[in-house]
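Every letter in the sequence shown is one number past the one before it in full-length UniProt numbering, and letter 234, counting from 1, is 234.
Here a beta-carbon is modelled for each residue, glycine too, at the ideal position from N, C-alpha and C.
Read through the structure below, which is laid out as structure tokens, and then see the notes.
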Amino acid sequence: MAPPTIIKVVLVPSLPGEASSSGGGGGGGAAPAGEARRVDAPNARVVQSVCACSVGGSVLIAVGGDVGLQVWDESGSGLLFFWPLPEYTASPSAPPPPSSGFVRGLAFNAAAADGPCYAHLCAGTSGSDIAVFEITAAAAGSRGGGAARNPPSICLAARLAGVHDGGSAVTALGSAFQSRRGGALCEGGEGGGELISADDGGRVVVWARRAAGGGGGGDYVAAATLEDGGAAAAGVGVRRGLVVVARVDGAVRIYGLRDGRLRCEIVAHSRWLSALDLHPRRDAFATAAEDCTVSAWTLPIGDGAGGGGGGGGAGAAAAAAAGAVLLAPPEPLLSAAAVNSVLTGVAWCGEGCDDLAAAVFDADELLIWRGAGWAGGGARRP
């Protein structure tokens, strides 16, 4: 296995006033091709979660940490929205509040087709609730010309509480829309708008999105609990009717989205698993952990309605109700070592999103494995 390409993160400070106000269009523009750029999040000491997604023709970057939620433009130089960390409140029976509050767990999600907004941005908090923000078109007459100069409007629509109780901070959020990074959703059951959440107590919950119907874009209801205790999840994702749950104990579990049944469990890493990313175009996923390894895995999915043989009409109906079928356990596409590196993040990137990038704790650099030689075969869609 060839050693990874190391790309230094270039620290590009914001110009005075460039990232100081909500609604700014970003004066610095996109970073030149091949140049990495650091988002200069003001006053942030700890960044807990980062995600990016294409929404309404714009790429938005969401950053959650100890100062709250920030949404940046694609260049990382224009701050479009800021939501300060709310006051921590808990029931009398809950444990004392954490010493430092934070936003952790971020996911964009598709909005209802008959609703007024492009998408939702969901953000978990240390207070165990989930804030749901509506992303709508920019107001007419916004400064500048073209979509790039008209950032969308973002506002708080709802706060989901009462499910992740006992002071368990949210650890991860996921949706099919986020797993595709806003790309076209497939016909295989990805258009329902479900949101997956996980907390420190090991609970993993499926939220169903209700139709808009005047009830507000953030109208979600807890529909099922996949896990209720045990190791916490470091990352969750949705792909074609399956939910991928990456746990901090090194295991990856795959559940049916519709029936909630455990389909498969693999031991992906020997130490604390820190990150999960689903490939936006192929049925594959990647993980990173404190055992200094980055791994890529197949996710062989079949159509529940057509699979499996036997049973005729009743059997086919039952299979369709159960949702997608995991044809086989995930198999490794890549297992690469990053010696003496504590890996804190992983993401598919590059042309075709077939390269893998890993973030290293306390280092301004990215490790990138080029994927031309290994990403094609097993990760292709059936």
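I need the boundaries of the alpha helix (DSSP H) containing residue i, first residue and last residue.
i: S179; result: 176-179
Between which residues of its own chain and residue i is the CB-CB distance below 6 Å, once the five residues before and five after are set aside?
i: A286; result: D277, A296, V346, L356
i: V205; result: V163, S197, A222, T225
i: V50; result: V63
i: D249; result: A231
i: D291; result: H269, S270, R271
i: A318; result: With a pLDDT of 47 at A318, under the threshold of 50, the modelled position of that residue is not reliable, and no figure is offered here.
i: Q48; result: G64, G65, F102, R104
i: D219; result: R210
i: A161; result: D129
Is the beta carbon of residue i less than 9 Å from the beta carbon of residue j?
i: F102; j: G64; result: yes
i: R210; j: A232; result: no
i: F133; j: W72; result: no
i: G124; j: L106; result: yes
i: A112; j: G193; result: yes
i: R271; j: G352; result: no
i: V294; j: L343; result: yes
i: V244; j: G174; result: yes
i: H299; j: L334; result: With the sequence shown as reference, residue 299 is identified as Leu, and His is not the correct amino acid for it. Not a contact, by the Cβ cut-off of 9 Å.
i: L60; j: C122; result: no
i: A131; j: V55; result: no
i: A324; j: G260; result: no
i: V67; j: L85; result: yes
i: V238; j: A176; result: yes
i: A358; j: A275; result: yes
What residue does the beta strand (DSSP E) around residue i start on, and which one ends it?
i: D355; result: 355-360
i: G101; result: Taken as a continuous stretch (DSSP letters only), G101 belongs to no beta strand (DSSP E), as it is neither H nor E.
i: R159; result: 153-160
i: A169; result: Neither: A169 is in no beta strand (DSSP E) and is coded neither H nor E.
i: S274; result: 273-278
i: G124; result: 119-125
i: E365; result: 365-369
i: A288; result: 284-289
i: A246; result: 242-247
i: residue 401; result: Residue coverage of the chain in this structure runs from 1 to 382, which leaves residue 401 outside it and unanswerable.
Let me know the secondary structure DSSP gives residue i once reduced to three states.
i: E351; result: helix
i: A198; result: strand
i: G76; result: coil
i: R203; result: strand
i: P228; result: Note that residue 228 is Asp in the sequence shown, not Pro. Here D228 sits in strand by DSSP.
i: Y220; result: strand
i: S49; result: strand
i: R253; result: strand
i: S335; result: strand
i: L262; result: strand
i: A234; result: strand
i: A62; result: strand
i: G68; result: strand
i: G325; result: Per the sequence shown, the amino acid found at residue 325 is Val instead of Gly. Three-state DSSP puts V325 in a strand.
Within a Cβ cutoff of 8 Å, which residues of the same chain sit near residue i, ignoring the five residues on either side of it in sequence?
i: A314; result: With a pLDDT of only 47 at A314, under the threshold of 50, the placement of this residue in the model should not be trusted; the figure read from the coordinates follows. Cβ neighbours of A314 beyond the five flanking positions: none.
i: A361; result: Looking at the sequence itself, residue 361 is Phe, so the reference to Ala does not match. If we look at F361 and ignore the five residues flanking it on each side, its Cβ neighbours are S341, V342, L343, T344.
i: P330; result: V252, I254, C264, I266, F285, W297, T298, L299, P300
i: A169; result: P98, F102, R104, G124, T125, S126, G127, S128, D199, D200
Whose C-beta lies closer than 7 Å to the C-beta of residue i among residues of the same chain, with five residues either side of it excluded?
i: Q178; result: C51, C53, A107, F108, N109
i: A172; result: G105, A198, A233, A234, G235, V236
i: T136; result: P116, C117, Y118, P152, S153
TODO: Would you check if the stretch 239-257 and the stretch 152-160 touch, i.e. whether three or more CB-CB distances between them fall below 8 Å?
DONE: no
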